[in-house]
Each structure stands twice: as structure tokens, then as C-alpha cells.
Amino acid sequence: MDAKGYLQEVGTQVNADFVKNRSILSFEEYLSLFINDPRAQARNAAQYLRDVMDHFGTETVPHPTGTIRRFKVFNTEGSGRDGRVAGQEEVQNAIYRVLGNFVRAGRINKLIFLHGPNGSAKSTLVNALKAGMETYSWLPQGALYRIAWVFPSEKLIKGSIGFGERTDGNGELTTFAHLDAENIDLRMPCELRDHPMFAMPPGERRKVLETALKKKGLGTGDGESGDYILSDYVRDGELCSKCRRIYTALLNSYNGDWLKVMRHVQVERFYVSRRYQVATVTVEPQMSVDAVVQQITADRTQLNVPAPLHSTVLFEPHGPLVHANRGLIEYADLLKRPLEAFKYLLGFSETSEVPLEPFVLQLDEVLIASSNEKHLGAFKELPDFASFKGRIELVRVPYLRRYRTEQQIYDAQVSATTVGKHVAPHATELAAMWAVLTRLKKPIPDRYPSDVKELIDHVTPVEKLHLYEEGAPPDRLSLANTKELRKLREELFTESDAYPNYEGRVGASAREIKTALFNAAQNPDYKCLNGLAVLEELEAICKDKSVYEFLLQEVVDGYHDHEEFVRVAEAEYLDRVDTEVRESMGLVSEGQYRELVERYIQGVSHWVRGEKMRNRITGEMEKPDEQRMQEVEAIVMPRGEEVSEFRRGLISSIGAHRLDNPDLAMDYPRIFPDMFKRLRDHYFEERKRVLRKNKENVLKYLSEDRNQLSTREQTQVQGTLKTMAERYGYCEYCAKDAILFLMKKRYA
Numbered sequence: 047m048d049a050k051g052y053l054q055e056v057g058t059q060v061n062a063d064f065v066k067n068r069s070i071l072s073f074e075e076y077l078s079l080f081i082n083d084p085r086a087q088a089r090n091a092a093q094y095l096r097d098v099m100d101h102f103g104t105e106t107v108p109h110p111t112g113t114i115r116r117f118k119v120f121n122t123e124g125s126g127r128d129g130r131v132a133g134q135e136e137v138q139n140a141i142y143r144v145l146g147n148f149v150r151a152g153r154i155n156k157l158i159f160l161h162g163p164n165g166s167a168k169s170t171l172v173n174a175l176k177a178g179m180e181t182y183s184w185l186p187q188g189a190l191y192r193i194a195w196v197f198p199s200e201k202l203i204k205g206s207i208g209f210g211e212r213t214d215g216n217g218e219l220t221t222f223a224h225l226d227a228e229n230i231d232l233r234m235p236c237e238l239r240d241h242p243m244f245a246m247p248p249g250e251r252r253k254v255l256e257t258a259l260k261k262k263g264l265g266t267g268d269g270e271s272g273d274y275i276l277s278d279y280v281r282d283g284e285l286c287s288k289c290r291r292i293y294t295a296l297l298n299s300y301n302g303d304w305l306k307v308m309r310h311v312q313v314e315r316f317y318v319s320r321r322y323q324v325a326t327v328t329v330e331p332q333m334s335v336d337a338v339v340q341q342i343t344a345d346r347t348q349l350n351v352p353a354p355l356h357s358t359v360l361f362e363p364h365g366p367l368v369h370a371n372r373g374l375i376e377y378a379d380l381l382k383r384p385l386e387a388f389k390y391l392l393g394f395s396e397t398s399e400v401p402l403e404p405f406v407l408q409l410d411e412v413l414i415a416s417s418n419e420k421h422l423g424a425f426k427e428l429p430d431f432a433s434f435k436g437r438i439e440l441v442r443v444p445y446l447r448r449y450r451t452e453q454q455i456y457d458a459q460v461s462a463t464t465v466g467k468h469v470a471p472h473a474t475e476l477a478a479m480w481a482v483l484t485r486l487k488k489p490i491p492d493r494y495p496s497d498v499k500e501l502i503d504h505v506t507p508v509e510k511l512h513l514y515e516e517g518a519p520p521d522r523l524s525l526a527n528t529k530e531l532r533k534l535r536e537e538l539f540t541e542s543d544a545y546p547n548y549e550g551r552v553g554a555s556a557r558e559i560k561t562a563l564f565n566a567a568q569n570p571d572y573k574c575l576n577g578l579a580v581l582e583e584l585e586a587i588c589k590d591k592s593v594y595e596f597l598l599q600e601v602v603d604g605y606h607d608h609e610e611f612v613r614v615a616e617a618e619y620l621d622r623v624d625t626e627v628r629e630s631m632g633l634v635s636e637g638q639y640r641e642l643v644e645r646y647i648q649g650v651s652h653w654v655r656g657e658k659m660r661n662r663i664t665g666e667m668e669k670p671d672e673q674r675m676q677e678v679e680a681i682v683m684p685r686g687e688e689v690s691e692f693r694r695g696l697i698s699s700i701g702a703h704r705l706d707n708p709d710l711a712m713d714y715p716r717i718f719p720d721m722f723k724r725l726r727d728h729y730f731e732e733r734k735r736v737l738r739k740n741k742e743n744v745l746k747y748l749s750e751d752r753n754q755l756s757t758r759e760q761t762q763v764q765g766t767l768k769t770m771a772e773r774y775g776y777c778e779y780c781a782k783d784a785i786l787f788l789m790k791k792r793y794a
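Residues 47 to 794 (our numbering) are what the sequence shown spells out, left to right.
Shown next as C-alpha cells:
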């Protein structure tokens, strides 16, 4: 590759991007852009952030309450492994609603306060918003502009005050915005990134705003004559102290000729950046003030300011509040700071103004703070909380209560790359299940109607776990109770939402579980990160009650029994391994179960309607085969269930499924998962001896005793291992560990 040619190619591309992105504009050029797209250019920070969320779009995802809207900005993958937010759709919608309130009010008048237990994804939620803002700001529709002041070289332009005039052949106003660097003595950007329209006199600016909005069919910006609400910041905002003094000095020097002043205005596009703290800043729990000023014109030897500014004292504000203007500021763990360090938020959150010694900062930024529940509880006891209460919008961020959503956190960060070894099936799933079990609370039966109190009172933690995740009531229930519990799923999930000690406030955090997974990966006894290593780490956590506060909870009817939850997770693991090994052996295909159920349902359907059905062999019309139906019911029907009620309940469930999914084919395994599970278990229970023998053959094949197997047996084992690898992700090492554990626990 020719270096010179390559550099020229890169230079051409960079220059083309610069021009395409309209990075530098004169005020006249910006005004034209504004008039053509006033909606995009007249946004305040809340409108911009809501547009960021809208830009990435939404999707509807399953939820224990039915379905819920998820904002795809929280799926961001460009910010690293921690970028995507698992779950927390309720929080996403709450943030969007609060932003909507700011938009309707025309100003940002509250602080969004995310509160929840440690490690519940509060910071991850904000980071996703910041990453979305960064990406959006590079798009044409996300363009942001700020003001700067340009002073040309006196050698280039001569005049009575050192600037002079330049006009084209038609005598039109020209600009200094596009001068080359060597022709500029001084360029002074605005640290607050003032909106370019602030350079216009307030009255004229309002006329331009209303005219441009009307032209685009958006009304006058009042929200009544159109759907667009113009923010107070854009309509009534003013230049910052430094820009105002420069503006005034130039206006005086030009004897009030505003057009000449505008020649010095350069409009620059800027991009949101977390790394460089442009329009998004995180304030850690520190002791310093969040904004200060420094004088920049006291010593003329340090700064070659133009003559019109020699008698003008200029100050530059800086600090997190200044850097975050026109964007978002995050106060991480706000309540870990002394109260005096953030008392200024009382006024700032309501007025968007912060008084400094020489002037008042006028800011436009969304304020988001976070805190854990312990610090928030202590804060509520202080007398000052009453003043803050009306100025903050509390948004609860609990731990997740659905284990497959929790598993997404670990799957994103625990991989062969990060742990240095193969991650076996169910390793992260086991950890997620145990974590969620530690967070669940016993339902309060008195909140429910008397006819279901007993049903609610007997729901165990593992049953609640599966009810939340799959909507699957326990096998022990009758069909009627199964339906009743499914109906109560949403009420169970939202039961404690109004309580201070809500479900999801206490339990193992995702951070603690990630540490346990990484520790399990270093277990020298296993060549893979497998479920057995994870179970050992979970047992170790349960022994360390001095470190993990959630272990000190009182056990209530099986809830908060964290040591027992390890055994529950182990049983779930064994169920999965057992099923996967059986199916990998191919003793019975899923199609055979499906055919059996379809024939049974067909018979039940005719029985319920009192109709005859055609015999598949003889072709004669006969009553449904009662004996065949009873054989199936002996396997799949819960104990104590009345046959006729069970059959009618099945047909009712099918009818309900057809109403909800009119365009889908009947999917019996999805409609009746419990029925298929009982059929599989029954079949394999009857063939336990064959299964034991087959599993022993697998273990022999994976050991030094492989030669003891016949060619046919070796071929069978190879087929089993191949299926386990391709379908479920086992390697030979974790397959051997899993089968050994299974044989020890269930086939000894």
C-alpha cells in the first residue's frame, strides 16, 4: 500500500464527512437550517433524550403481567458487554413517562431518582441512555449545534476597530465563520454550548420560532395549536455570561449594528461523548462542588484578546454541570455525598439555574440520580427530605424476578473468552435460578379472595419461580386450580409494588453471582465451567453470613431458605440433564408423544360433543375409545381430578388458545407442557434399566474402558454424544461430569 496515496484517501474522506455533517456554519446558514427543521433544532434536553429513545424503536416482550413495551435503546451492544439492560422494562417505561411530563411542561423541573438494591442495573440503565445519545448525535436527525465567537486577524481585515467589513459583489453580509485558521486571531467557544438562536434578540427569536413551527404545521409551540411544545429554555433562554459580555462589547463597538456582530458568530456541530464529557457526565459521590468559574481576561499577556474585549472581564464556567449542559448528568450514589454538597439541587431541579459568585448559570440538562434503598431510607428520615420530595421523581429499580432474564446478564459476560474454558449448559441458568429464588417473598393470602387464599398460601418458592417465568403452575394442582393460579400470576407479580419492603429489594445481586461464576470457572476439579462447580460456589456463599446480608433473613414457609435453594437448583439441574441425555439417546421421538396426545385430544373432543368418530383401521363410525383415553389419563391427569372435568377443561384450553392465536397451528406441547412432561417421565420410568445401561455405556466410552463396548454400543454412544453436543452444547468433559452426577443422584 502506498502511504502517501492512503493518507490522501483518508484526508479526502475526512474532509467529505466534515462537509457532509455541516460541522461549521455561519449564523445565516444555521438560521436557514433551523427554519427548514425547527422541530429538531428547537429541542431541549428532555425532548432530545425522548427522541433518542423513540429513534431506536420499541418491541413488545412477554411479561408476567401480559406483554410490555421494551425500548431498544437499552439493547445497545456498542458499549461493551455491560451495555445491554436485561429486563427492567417497567423502569424503561417509567423514565419515558417522566421525560414525557417534562416535554408537556415545557421544562425539566424534577430530578429522576433511580432507587433500588445494590447491583440492580441503575447505572447500566443510564449508561445505555448515554450510549444511545452518543450514537444518535452522529446522525443527521440528531445534529446538535453550539455557538462560538471568531475574531479575524487584523492583518487580513482593517477597519476602525480592527475588524472592517467584507461583502460579496452584491453587498450581502458575509461571515468570519469560514475563515482559515491562519486568518483567525482568536476563537472563543461557549463552554455551556449555548443554543445558536440565543444570539438573536429575544423578541425576534420568538417570532422566528413561531413562524418556522407554523410553516411546518406544528402550531406555535404552545401544545394547543399543534402537537409540538416549545421549551422554556429555547423560547426564553439567554446567552451565558461570557457570550453575553462578548455580544455586548461587539454591539457597542459596532454602534448597535447587529448584522456586523453576527459576522463573528460561528455555529459548530458537537457530538455527545461520555469519554470527553460532552453533554453527558457522571458525578461520583465526591465532596467537591459541581461547577466553578475562572477569570480568563485578567492577564493580557496570557491571552491575546481583541481590542473590543480589553475592558471586558470574562469568566469561564467549568465542572460537571457545565460539561453536561444540553444533555444528561448522572449523580451516581447521590446520597453517599454530604447533604450540603447537593442542596443546590433543590433550586436547580426546579428552575434549571445555579447561582455562582459572578453570575447565575442557566442550564438545560436531564438530571438522573441513583441510590440504594438503605441510603434512601435514611434520607427520608431527615427534615430536608420534605423539601426534596416535590422536586424528585422516584423510579424503583428492583432486582429481576425472572430467571431467564437474569441469565441474560451472565450469558453476556461469562463466556469461554472471559473465563478461559468451555461454559457448560445450565451453568449460568443455575446461578440465575438461585439468585431469583433468594429474592422472592411469600405471597400474602389475605390480599386475595377467600376462595383462593389456601391456593396462594401453598405456593412454594420454586413454584413461584416457574409461574413468573413460564406461567406454569405446579403439577400437583387440579386443572381448575391451575387455571385459577394462571389468572393470579399478574396479581402475584405486582402484589408488593406499593410496599417499602417490596419483592426484589433483598436477595443476591447480579454482581455477587457474577463473582461466584468467575470463581467457579477457576475450580481445578472441572475442565469446564459446569453446573457442579456453580453449585459448590453457591454453597460457599450460604456459609458466609457475615458478608452477605440477605442470608440473615428469617425463613418463612420455605422462602429465604437459601441453603435449601441450592438443593432446589440441583434438582432442576438434574431434571434438565436427565431429559437431555434421554432425548439424545433417541429412545422415543417427540413426534410420537405429539401423535399420542393428538389422538387422545381428538377422542376427548368427540366425547365432549357426544359424537362418534371414525375408526382409523376399520373405517367404521364408533364411540371414542374409552379404554385408550383412560390409559392416557392414568399418566397425565393430576390426582384427585374428576375425569369429565379434566376432559372439558382440556377442550376449553384449546378453545381459548384458538381465540388468542387464530392464525397459528395447534401447538399441543406449548398448550399442555405438563401433559408432555408426565408422558416423558412415565415412559422413561418404565425403561429405567435400559437408561441406566445406556448411561453406563456413555461413561465407559469416555473412560479407559471404551474397548469393553461392542461396535454397536460404541456407535450408539457416539450418536448420543453428537446429539448432546449439537443440540445442547455439551463437550465430552462436561457431558461426563453431568452424567456421572446424574447416575450418582438418580440411578444408583
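C-beta atoms are modelled at their ideal positions from N, C-alpha and C, and glycine is treated no differently.
Among the options, nearest to residue i - alpha-carbon criterion
| i | options | result |
| --- | --- | --- |
| D720 | I681, E657 and E750 | I681 |
| E396 | V650, I158, R535 and A478 | I158 |
| C286 | S461, F244, A458 and D492 | F244 |
| E691 | R773, T528 and K739 | T528 |
| P546 | D571, N576, L422 and A478 | L422 |
| E595 | R252, G553, E610 and V602 | G553 |
| E135 | G373, L145 and T106 | T106 |
| D571 | Y779, N90 and N298 | Y779 |
| P404 | F388, Y714, L360 and V368 | L360 |
| E585 | E330, D303 and W480 | W480 |
| Q187 | D410, D83, I587 and L175 | D83 |
| E237 | K260, S166, V324 and G265 | V324 |
| G604 | H504, E666 and L523 | H504 |
| V305 | R655, E74, G686 and P708 | Note on residue identity: the sequence assigns Leu, not Val, to residue 305. When each option's Cα is compared against that of L305, the closest is E74. |
Limits of the alpha helix (DSSP H) - the one that residue i falls within
| i | result |
| --- | --- |
| G393 | L391 to T397 |
| P366 | P366 to H369 |
| V254 | P248 to K261 |
| Q764 | T757 to T769 |
| R291 | S287 to S299 |
Residues bridged to residue i [DSSP beta-bridge criterion]
| i | result |
| --- | --- |
| E668 | M659 |
| W195 | M234 and V311 |
| D268 | I275 |
| S416 | L160 |
| L597 | L597 is not bridged to any residue. |
| Y494 | In the DSSP output, where bridge partners are listed per residue, Y494 has none listed. |
| P108 | T113 |
Nearest-angstrom beta carbon gap, residue j and residue i [assumed within contact, 8 Å]
| i | j | result |
| --- | --- | --- |
| R309 | T221 | 5 Å |
| D624 | L748 | With a Cβ gap of about 18 Å, D624 and L748 do not count as contacting. |
| R437 | K156 | 6 Å |
| E549 | S542 | 5 Å |
| E314 | S592 | Rounded, the Cβ-Cβ distance is 56 Å, inconsistent with contact. |
Opening and closing residue of the beta strand (DSSP E) in which residue i lies
| i | result |
| --- | --- |
| H161 | L157 to H161 |
| D607 | Counting along the chain, D607 falls outside any beta strand (DSSP E), and DSSP gives it neither H nor E. |
| I747 | Rather than Ile, the amino acid found at residue 747 in this sequence is Tyr. First-last for Y747: K734 to Y747, but that is the alpha helix (DSSP H), not the beta strand (DSSP E). |
| G423 | No beta strand (DSSP E) holds G423; the alpha helix (DSSP H) holding it covers E419 to K426. |
| E330 | Note, E330: premise wrong, no beta strand (DSSP E); not H, not E. |
| S72 | I70 to S72 |
| R442 | I438 to R442 |
Where residue i falls, given that 16 or more other Cβ within 10 Å makes a residue buried
| i | result |
| --- | --- |
| P444 | buried |
| G365 | buried |
| G283 | buried |
| I275 | buried |
| A470 | buried |
| A566 | buried |
| Q568 | exposed |
| I785 | buried |
| G146 | exposed |
| E386 | exposed |
| H472 | buried |
| D577 | With the sequence shown as reference, residue 577 is identified as Gly, and Asp is not the correct amino acid for it. By the 10 Å Cβ count, G577 comes out buried. |
| L483 | buried |
| I663 | exposed |
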